[in-house]
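J.: Protein chains in written order, with the numbering used here: chain A, 5 to 130; chain B, 719 to 1275.
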């Protein structure tokens, strides 16, 4: 059983993840802030994290840095519209050696499933 | 002959002689004589003091006086009376002396006769009278001469004063003339002196000679319009006539043609005045070519500045709109995405023949549409943003060719005839390739859209050099843009396309890109006449607008 953590302050986004990943059989958890996300990550075990970039409180980049302090390997998909105000910070994090992928929004159901399966199952899975 | 008796006083001490004389006078034909006698000098002198005597007959030898002394005393006593000496034969010398001293005549006793006596007395009186008159006259003359002399002296003094004044004035005049001449010669403006009556030039200063390049001789005696100085002869005769009337004329800007054919602009100020009783016109000519050039430069700089401000204002506006749009668009991203997923989820859980299936499909479709709109908006709002591509030197024809390729499917499908003409002198231009491609893509897409409902579908592309840049013209045979719309075509969100066919961002984005390259975009269009867009890009990348506005008329935007 693979576990997925979705960290996003927008309820609609959390909901869509739950709905669209339902058929994959993965177990999806959501957190509504960077702080809660880190707490959940520490307490659980996750194979993939979806992380929103623009959040109040700890934004996506700060959350990523904290996560990476705990776990350098877990795949993280940053969800962003690219012209995000935090995009520059993200580039910096990348330069600092923080590993992550970018999922460009808006994406539809099929794109999400493809991306998720791709990370969790490997290239042969889709 | 006098009617009055003549009163004679005889001073004779000899009574015989006295009686003789008395008798003679009685006999005389020469009027009447009244004779009085005195036998000594003192008596005679006494009688004389009483007056009324016209003549004195005097014997010089008297008991109480001697010879000349007798005479002198009588003369002293009555200087105004004629004295005739009665002398003896041997006394003639003495008598002569007396005559020399002032006696009128002398008679010798022995030779006396009444006729002679009377006559002598008469003559003596007459002579005396005349002497007196002469004397008076002489005195009078002397007086006159004295007066005249005094007058002359005064006049002379006055004359001398006048001469001194004249000399002083002349000196001043000379100094003033030298001073004026110096001003005339040294002036750093041109000066012409004309005879007011005829308008002929009588003098010209060195500065003007140099300014205009004509030698001195060519000016003198001619009129201003005769030396080809001023462009319009008719206007100048008129001006001259005005000058004669009003005594003053001013041209603030007079174009002149100087001898070597060059043009000069001058300020021409003329006024008339009197000198030595004659009317004279002085013309001051100041070269204002530089002032004009500076004014033109200023005008040009001002026009440039105005254009720059307009562009800056536009850019600021666009930037503000961009920020607003970006904010809204970002906000919309999540909800739209969520809606899409929700619709898709439902679709995944419903049979295709369920009546709500199509509706859900519609929801999905509309959600996608919204997302597209938002995507366009974000592209628009970030068009100045983010990592800018580098400038490259490219032939514009290459860009257009690429765009035509991108649109080739649509061009063929819709049956549009596209012709291009590229001038072989067209230079390469420094551009951001992708951005410029987007701009032309937008313009060509618009052209294709305009042709959708048309019978004749033609697009003509023209690429040629323009000034120091390149002009790309894209013309379509569409139905044209109305004059009212023409004012708004570059406004963001302005569109004449039907709903769903365009956000109206194309042209404003296009204009932004072109301005960022230092270029200009204009449009010619009219209902039924089709539309042409002209894009001019300079070869060298330049910030802001071009300073040369000459290409664009008011009609175009």
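Backbone N, C-alpha and C define an ideal beta-carbon position, used for all residues, glycine too.
Quick check: residue 730(B) and residue 801(B), are their CB atoms within less than 8 angstroms of each other?
T.: Contact: no.
J.: Alpha helix (DSSP H) containing residue 1124(B): first to last residue?
T.: Note, residue 1124(B): alpha helix (DSSP H), 1114–1124.
J.: Any beta-carbon of chain A closer than 8 angstroms to the one on residue 1056(B)?
T.: Closer than 8 angstroms to some Cβ of chain A, the Cβ of residue 1056(B) qualifies, so yes.
J.: If you run the structure through DSSP and keep just helix, strand and coil, what is residue 1127(B)?
T.: Three-state result, residue 1127(B): helix.
J.: Within 10 angstroms of the Cβ of residue 4(A), are there 16 or more other Cβ atoms? Answer buried if so, exposed if not.
T.: Nothing in the structure corresponds to residue 4(A), since chain A is present only between 5 and 130.
J.: Taking C-alpha atoms, which residue in 989(B), 849(B), 923(B) and 1131(B) lies nearest to residue 968(B)?
T.: Residue 968(B) has its Cα closest to that of 989(B), out of 989(B), 849(B), 923(B) and 1131(B).
J.: Chain A partners of residue 973(B), CB-CB under 8 angstroms?
T.: Residues of chain A passing the Cβ test: none, with the nearest at roughly 59 angstroms.
J.: Taking residue 795(B) as the reference, which of 1190(B), 1020(B), 773(B) and 815(B) has the closest Cα?
T.: Among 1190(B), 1020(B), 773(B) and 815(B), the Cα nearest to that of residue 795(B) belongs to 773(B).
J.: What are the start and end residues of each continuous beta strand (DSSP E) run of 3 or more residues lying completely inside the segment 895–945 of chain B, in chain order?
T.: For the segment 895–945 of chain B, whole beta strand (DSSP E) runs of length 3 or above, ordered along the chain, are 908–913 and 919–922.
J.: Measuring CB to CB, does residue 1096(B) end up less than 8 angstroms from residue 1047(B)?
T.: A contact, by the Cβ cut-off of 8 angstroms.
J.: Which residues of chain A have a Cβ atom closer than 7 angstroms to the Cβ of residue 1048(B), listed in chain order?
T.: Going along chain A in sequence order, the residues near residue 1048(B) (Cβ under 7 angstroms) are 85.
J.: Mind reading off the beta-carbon distance from residue 1162(B) to residue 1121(B)? Whole number of angstroms is fine, and I expect it under 8 angstroms.
T.: That pair is a contact at about 6 angstroms.
J.: What are the boundary residues of the beta strand (DSSP E) that includes residue 1233(B)?
T.: Residue 1233(B) -> not in any beta strand (DSSP E); alpha helix (DSSP H) instead, spanning 1224–1234.
J.: Quick check on DSSP: helix, strand or coil for residue 788(B)?
T.: If DSSP states are grouped into helix, strand and coil, residue 788(B) belongs with the helices.
J.: For the segment 1073–1090 of chain B, list every residue whose C-beta sits within 7 angstroms of some C-beta in chain A, in sequence order.
T.: Listed in sequence order: 1089.
J.: According to DSSP, simplified to helix, strand and coil, what is residue 871(B)?
T.: In this structure, residue 871(B) counts as helix in the three-state DSSP scheme.
J.: Should residue 18(A) be labelled buried (16 or more other beta-carbon atoms within 10 Å of its own) or exposed?
T.: Answer is buried; the Cβ neighbour count reaches 16.
J.: My output table needs one value for residue 1109(B): the three-state DSSP class, helix, strand or coil.
T.: If DSSP states are grouped into helix, strand and coil, residue 1109(B) belongs with coil.
J.: DSSP beta-bridge partners for residue 1252(B)?
T.: DSSP output for residue 1252(B) lists 1191(B) and 1240(B) as bridge partner(s).
J.: For a contact meaning CB atoms closer than 8 angstroms, what does residue 23(A) contact in chain B?
T.: Neighbours of residue 23(A) on chain B, chain order: 1059, 1060 and 1063.
J.: Kindly identify the DSSP beta-bridge partner or partners of residue 973(B).
T.: Paired residues: 983(B).
J.: Is the Cβ-Cβ distance between residue 817(B) and residue 824(B) less than 8 angstroms?
T.: In contact: residue 817(B) and residue 824(B) (Cβ atoms closer than 8 angstroms).
J.: So, helix, strand or coil for residue 19(A), using DSSP?
T.: In the structure shown, residue 19(A) sits in a helix (DSSP, three-state: H, G or I).
J.: Scan the segment 1141–1170 of chain B for residues whose Cβ lies nearer than 7 angstroms to a Cβ of chain A and list them as they occur along the chain.
T.: Answer set for the segment 1141–1170 of chain B: empty.
J.: Below 8 angstroms, can you find three or more Cβ-Cβ pairs linking the segment 1114–1132 of chain B to the segment 1140–1155 of chain B?
T.: Output reads yes: the segment 1140–1155 of chain B touches the segment 1114–1132 of chain B.
J.: Three Cβ pairs or more, each shorter than 8 angstroms: is that satisfied between the segment 66–83 of chain A and the segment 30–49 of chain A?
T.: Short answer: they touch.
J.: Name the DSSP bridge partner or partners of residue 45(A)?
T.: Paired residue(s): none; residue 45(A) is not in a bridge.
J.: For the segment 10–22 of chain A, enumerate the residues whose C-beta is nearer than 7 angstroms to any C-beta of chain B, in chain order.
T.: Under the 7 angstroms Cβ criterion, the segment 10–22 of chain A contributes 14, 16, 17, 19 and 20.
J.: Drop a sphere of 10 angstroms on the beta-carbon of residue 966(B), count the other beta-carbons inside from all chains shown, and report buried for 16 or more, exposed for fewer.
T.: Exposed, because fewer than 16 other Cβ atoms sit within 10 Å of the Cβ of residue 966(B).
J.: Using a Cβ-Cβ cut-off of 7 angstroms (strictly less than) and excluding sequence neighbours within five positions of residue 788(B), which residues of its own chain qualify?
T.: Closer than 7 angstroms at Cβ, skipping near neighbours: 759, 776, 778 and 780.
J.: Which residue marks the beginning of the alpha helix (DSSP H) containing residue 1158(B), and which one marks its end?
T.: 1151–1169 is the extent of the alpha helix (DSSP H) around residue 1158(B).
J.: Do the segment 910–925 of chain B and the segment 996–1009 of chain B touch if we need at least three Cβ pairs shorter than 8 angstroms?
T.: With the cut-off at 8 angstroms, the segment 910–925 of chain B and the segment 996–1009 of chain B touch.
J.: For a contact defined as C-beta to C-beta under 9 angstroms, what are the partners of residue 109(A) on chain B?
T.: Result: 1051, 1052 and 1055.
J.: Under a CB-based cut-off of 8 angstroms, is residue 51(A) close to chain B?
T.: Not closer than 8 angstroms to any Cβ of chain B, the Cβ of residue 51(A) fails to qualify, so no.
J.: Between the C-alpha atoms of residue 1199(B) and residue 1007(B), what's the straight-line distance to the nearest angstrom?
T.: So the alpha carbons of these two residues sit roughly 46 angstroms apart.
J.: Just curious, the alpha helix (DSSP H) that residue 30(A) is in, first and last residue?
T.: It is not in any alpha helix (DSSP H) - residue 30(A) carries neither H nor E in the DSSP assignment.
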